[in-house]
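Going by our numbering, the sequence shown opens with residue -12, and the numbers climb by one from there. Positions of the beta carbon are idealized from the N, C-alpha and C atoms, including for glycine.
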Amino acid sequence: MDRIKRIYEETDWSRIGTAAYYGYFAVNILMKAFAYDHGDDIYKYFFIFGMFFLAIKLVTTKYTLREVLWAAILIGVALPLSIITKSNTWLLLFLTIIGMKNCSYQILIKIALYIRVFSVSVLVLGSTFGVYDIGYKTTPDTAYVEIPVYSFGMGEPNYAFLCVFLTMMLLLYYNYERLNKWWFLGTSAVAFLFYELTFCRTGIAVFFFCWGLIVFEKCVKNKKAKFILALSVPVGALFSFCTMVIYNADNPVLKLLNHYVSGRIYIMSSYFRDQGLALYPRTQESFYASYYGLIDNSYMFVLLYCGWIVAVFFLALMCMTLFRLYKQGHFKELVMIGTLALYGVLEQFVMNGFMNPFILLGAVLLYPGILEKPSGKKQERDEETYEAVSNSTSA
């Protein structure tokens, strides 16, 4: 008994918890990188496996009173929201953020990058050589001429481009200080190649928007001018709300804008006119009576489904995150969030921390030093933990 007690006291539980969290993150990134969803059996098994890792992290971590209060608020919002909307996105997002204490954000990005590079390579090469379904079909281009597109084992051509896009985003962030014209030319060539193969207009537009923000951030030396990067989310939310409310098919400008975004504004506006806006979250069934299509806009999806209270709460958290990052001088993070803020106008996936790891930067509100580079023994221990997770993932 004394020996067991001594082993317990000498064990570095904090390090074990950190390794478990990296495992939890790697498992979930792996599932999303290979295009598995909650409806797939393999996803369910790996999800349970990942949640076991997360549980280890949460029970082996010591939290301050301030952090416990933050966690209570986040869980208090996410739990009833997940029950009402029948979606675990919010709960999983907030649990992932809560578990980030003592973890290195840079290591999380490295894990996500390596897994996504591996998965994209396997799926593209595998489908090219017949291991996976290449997903050939045709779709009309801007001149309504049918052209061939491919999904490369990822379900849909748009999702295939999205996977490539997310991989390049991680690559650009990880190598941000070394970016130059050769990086631009190389990544642009890859983007154009997959645009030709998938005809994903949304993705190619956001990709070059990302490079526009990168050039702006690197060329502008005035910190005050860079404050515009901290306005990306509120501007995206305001733009989405205004177009939804004022949309009129008889207005040529709005009609053209709706055409360019493949009818997304019409869908949002139709739900808004039929269902209105609620103060509290609503069940999905309440929208089935007048189904117009998927709400491919993260901001208005939150507002329409989750109500004013949750929407304002979420927007406040994002604004606080942006302003904190700006104050700390983390401009490359603001560039990445700004890029995904535009994608949020056109898609829902940005709410998922394993599709969009930059939303996890909200952890700076709980743990202000999450982006600080560890030094000395802590850095060595983090690197050893990362190597252990990498080896186990590879195995």
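| Query | Result |
| --- | --- |
| For Ile121, which residues of its own chain have a beta-carbon under 8 Å away from its beta-carbon, when the five flanking residues on both sides are left out? | Ser114, Thr115, Tyr137, Ser138, Phe139, Gly140 |
| With burial defined as no fewer than 16 other Cβ atoms inside 10 Å of the residue's Cβ, what is the status of Pro135: buried or exposed? | exposed |
| Output the residue ranges of the beta strand (DSSP E) runs that lie fully inside the segment 72 to 148 and measure 3 residues or longer, sorted by chain position. | 124 to 127, 133 to 136 |
| Apart from the five residues on each side of it in sequence, which residues of its chain come closer than 6 Å, Cβ to Cβ, to Ala99? | Ile16, Leu157, Pro344 |
| With burial defined as no fewer than 16 other Cβ atoms inside 10 Å of the residue's Cβ, what is the status of Asn89: buried or exposed? | buried |
| Apart from the five residues just before and just after Thr380, which ones in its own chain have a Cβ nearer than 6 Å to its Cβ? | Summary for Thr380: the model assigns pLDDT 47, below 50, so the residue's position carries little reliability; its value from the coordinates is reported in the next sentence. Cβ within range, chain order: Ala13. |
| Pairs of beta-carbons, one from the segment 1 to 9 and one from the segment 30 to 50, closer than 8 Å: are there three or more? | yes |
| Taking the alpha carbon of Leu329 as the point to measure from, which residue in Met342, Asn284, Met255, Glu183 has its own alpha carbon closest? | Asn284 |
| Going by alpha carbons, who is nearest to Gln335 out of Met307, Glu320, Arg251, Val232? | Arg251 |
| On the three-state DSSP scale, how would you describe Val177? | helix |
| Smallest Cα separation from Val151: which of Tyr119, Gly117, Tyr101? | Tyr101 |
| Assign Phe274 to one of three DSSP states: helix, strand, or coil. | helix |
| Nearest to Leu56 by alpha carbon, out of Leu352, Lys360, Tyr182, Ile357? | Leu352 |
| Counting only the same chain and skipping the five closest in sequence on each side, list residues whose C-beta sits under 6 Å from that of Phe21. | Ser106 |
| If we ignore side chains and look at the alpha-carbon of each, how far apart do Phe214 and Ala224 end up? | 17 Å |
| Take the Cβ of Val240 as the centre, count every other Cβ of all protein chains shown within 10 Å, and call the residue buried at 16 or more, exposed below. | exposed |
| Report the option in Gly63, Asp24, Cys197 whose CA atom is closest to the CA atom of Met155. | Cys197 |
| Taking C-beta to C-beta, are Ile346 and Ile324 nearer than 9 Å? | yes |
| Where does Leu241 sit, in a helix, a strand or coil, going by DSSP? | helix |
| Quick check on this structure: which residue in Tyr313, Arg269, Gly316 has the alpha carbon closest to the alpha carbon of Ile71? | Arg269 |
| Within the segment 300 to 355, note down every full alpha helix (DSSP H) run reaching 4 residues or more, in order along the chain. | 318 to 331 |
| If contacts are defined as beta-carbon pairs under 8 Å, then Leu321 and Tyr313 qualify, I think. What distance do you get, rounded to the angstrom? | 6 Å |
| Thinking C-alpha only, which one of Trp169, Gly190, Tyr234 is nearest Tyr253? | Tyr234 |
| Would you report the Cα separation of Val193 and Thr326, rounded to the nearest angstrom? | 7 Å |
| Which residue from Ile191, Cys229, Thr185, Tyr267 puts its Cα closest to that of Ser175? | Ile191 |
| Tell me the DSSP secondary structure of Asn15 in three-state form. | helix |
| Beta-carbon separation of Leu244 and Lys205 under 9 Å? | no |
| Do Ala350 and Ile84 come within 9 Å of each other at the CB atom, strictly closer than that value? | yes |
| What would DSSP say about Lys210, mapped onto helix, strand or coil? | coil |
| If distances are taken between C-alpha atoms only, which option among His25, Lys168, Phe179, Leu184 comes closest to Tyr123? | Leu184 |
| Could you spell out the range, first to last residue, of the alpha helix (DSSP H) harbouring Thr230? | 219 to 233 |
| Which class does Glu204 belong to by DSSP, given the choice of helix, strand or coil? | helix |
| Leaving out the 5 sequence neighbours to the left and right, which residues in its chain are closer than 8 Å to Asn145 when beta-carbon positions are compared? | Thr185, Cys187, Thr189, Gly190 |
| Helix, strand or coil for His25 per DSSP? | coil |
| Report the option in Leu200, Gln262, Ser257, Phe341 whose CA atom is closest to the CA atom of Tyr415. | Lying outside -12 to 382, the shown extent of the chain, residue 415 is not represented and no answer is given. |
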